[in-house]
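Under UniProt numbering, the very last position in the sequence shown is 419; numbers go up by exactly one each time.
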Amino acid sequence: MSTYYGPDFDALSKQDPEIAAVLLSEMTRQQKNLQLIASENFTSRAVLAAIGSTLSNKYAEGYPGKRYYGGCEEVDKAENLAIERAKSLFGADHANVQPHSGASANIAIYQAFTKPGDTVMAMSLAHGGHLTHGSPVNFSGKWFNIESYGVRSDNELIDYDELRDKAIATKPKMICSGATAYPSLIDFEKVRAICDEVGAIMWVDAAHFIGLVAGKAIPSPVPYADVVSFTTHKVLRGPRGGMILAKAEHAAAIDKSIFPGMQGGPIMSAVAGKAVALAECATPAYQKYAKDVIVNAQALAKALEAEGMRAVSGGTQTHLALMDIRSTGVTGKVADERCGAAGIVMNKNSIPNDPEKPGITSGIRVGTPSTTTQGMGVEEMKQIATLIARAIATDDASAHSAIKSEVHALTSRFPIYQG
Ligand code: DSN
């Protein structure tokens, strides 16, 4: 036991074969199928070791050097490393590495800067925003007066004129930029100017694209924003969790808002995993990866356009493409199901001004973080586009089986974890 520090699959198999079987079959599912969900990725074995470690056993309410329990000297080291690595990687004044998730990080930001009933502006969910940006079924939409902005109907890019006009008219306490299905870059300088004009806090929910920022593949919101929230498990390739970066003047408010404001003990194994991932992000190999993710997304979008689908916003500058698939004659829901039957995992997604309900949709969202981690490139993206188009075009189970065999032949050339 003295050498036990991480995952021990043999011990798990002996003690709990049912759960061990789930772990194995999930690993097989991830390896054999094509993983195109834009918000997923494959962490390194080092990250997996950290999150499967004995740090999970430790309660550590508070912050390094100011804990409410004894015995925190080792986890303090992990949290300090994560904080310093985050500040250095992003050039941020302050980092809080404790949020359990992106939604937790966002709740803490609302709590730090607003009171229930205040006006907050954020991107409409129907145009690519997130649940926590004011959906009526989420705390954000229930507790705050949310003024939504969206994309222009002519080019499907953020309508900064609408954003400014609404901000002047409604005087929001805070303006959120960031989305889950927006393939283009956000003009942070423009948003900063609008925030300054109306005296609003500038919050960037960078969950989707922060990994591209970490890899220096796209511009950073950090110099402009008062506060930046994100998840650590998307392009960033860390453990499941959240993080907040803030200007120095907001550091105390953010820390207080996370603990004791809305979380108890941090998940220290996840904090250690975040530290590992942040160190990986600082390497030239990761910077190449981040650029390749975009090159692959652009190749995939272009190849899907060649198959007759339409790329929303005219293409992509990031890790994801949102495809309007009405030309195929099937809905996003049907396309999602057909691709699933063929071993291609992605999600149906509303397109701006979608005539279909959110559970049906006219679009699909495809992302390249996972396939790029596997080492796939532009040629594979072209092949994947053809496989998607063929899967969408048929409801025949044997055709889907045949496509699945081709998918498995492709993925077998790109193992996720060696050995
Ligand atoms: N569920 C995430 C996504 O897929 O974009 C956002 O939280």
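Built from N, CA and C at the ideal position, the CB exists for glycine as well.
Since we're looking at a predicted model, the values are computed, not measured.
{"Item": "Whole-angstrom distance between HIS208 and GLU79, CA atom to CA atom", "Value": "23 Å"}
{"Item": "Backbone CA spacing between ASP205 and LYS66 [nearest angstrom]", "Value": "28 Å"}
{"Item": "DSSP state of MET268 mapped onto helix, strand, coil", "Value": "helix"}
{"Item": "Rounded C-alpha distance that separates MET323 from GLU337", "Value": "16 Å"}
{"Item": "Per-residue burial, GLY359 [other beta carbons within 10 Å of its own, 16 or more giving buried]", "Value": "exposed"}
{"Item": "HIS130 beta carbon near ligand 1 (any heavy atom closer than 7 Å)", "Value": "yes"}
{"Item": "Residue ranges of each beta strand (DSSP E) within the stretch 204 to 278, 3 or longer", "Value": "227 to 231, 242 to 246"}
{"Item": "Given 8 Å, three or more beta-carbon pairs between the stretch 400 to 413 and the stretch 342 to 353", "Value": "yes"}
{"Item": "Exposed unless 16 or more other CB atoms sit within 10 angstroms - verdict on ASP292", "Value": "buried"}
{"Item": "Contact belief for ALA86 with LEU278 at Cβ below 8 Å, rounded distance in angstroms", "Value": "6 Å"}
{"Item": "Sequence-distant residues of its chain with Cβ nearer than 7 Å to ILE416 (five each side left out)", "Value": "GLN30, GLN31, PHE42, GLN374"}
{"Item": "DSSP-derived helix/strand/coil call for ASN41", "Value": "coil"}
{"Item": "Environment of ligand 1 in chain order, Cβ to heavy atom below 5 Å", "Value": "SER39, THR180"}
{"Item": "Beta-carbon proximity check, VAL227 vs ILE244, cutoff 8 Å", "Value": "yes"}
{"Item": "Whole runs of the beta strand (DSSP E) within the stretch 309 to 361, excluding any shorter than 3 residues", "Value": "320 to 324, 347 to 349"}
{"Item": "DSSP beta-bridge partners of LYS66", "Value": "TYR63"}
{"Item": "Cβ contact (3+ pairs, closer than 8 Å) linking the stretch 86 to 102 and the stretch 141 to 149", "Value": "no"}
{"Item": "Residue(s) in a DSSP beta bridge with GLY367", "Value": "LEU320"}
{"Item": "Contact check, MET21 vs VAL271, beta carbons under 8 Å", "Value": "Per the sequence presented here, residue 21 reads as Ala, with Met not at that position. Against a cut-off of 8 Å, the Cβ pair of VAL271 and ALA21 comes out as no contact."}
{"Item": "Reduced DSSP category for ILE186 - H, G, I as helix; E, B as strand; rest coil", "Value": "coil"}
{"Item": "DSSP three-state assignment for MET381, whether helix, strand or coil", "Value": "helix"}
{"Item": "Euclidean distance between Cα positions of SER44 and THR170", "Value": "45 Å"}
{"Item": "As assigned by DSSP and simplified to three states, the class of GLU147", "Value": "strand"}
{"Item": "Cut-off 6 Å between Cβ atoms - residues of its own chain near PHE188, not counting five sequence neighbours on either side", "Value": "PRO221, TYR224"}
{"Item": "CB of LYS58 within 8 Å of CB of MET268, strictly", "Value": "yes"}
{"Item": "For ARG326 and SER401, the rounded distance between their alpha carbons", "Value": "24 Å"}
{"Item": "C-alpha gap between SER135 and GLY128, whole angstroms", "Value": "12 Å"}
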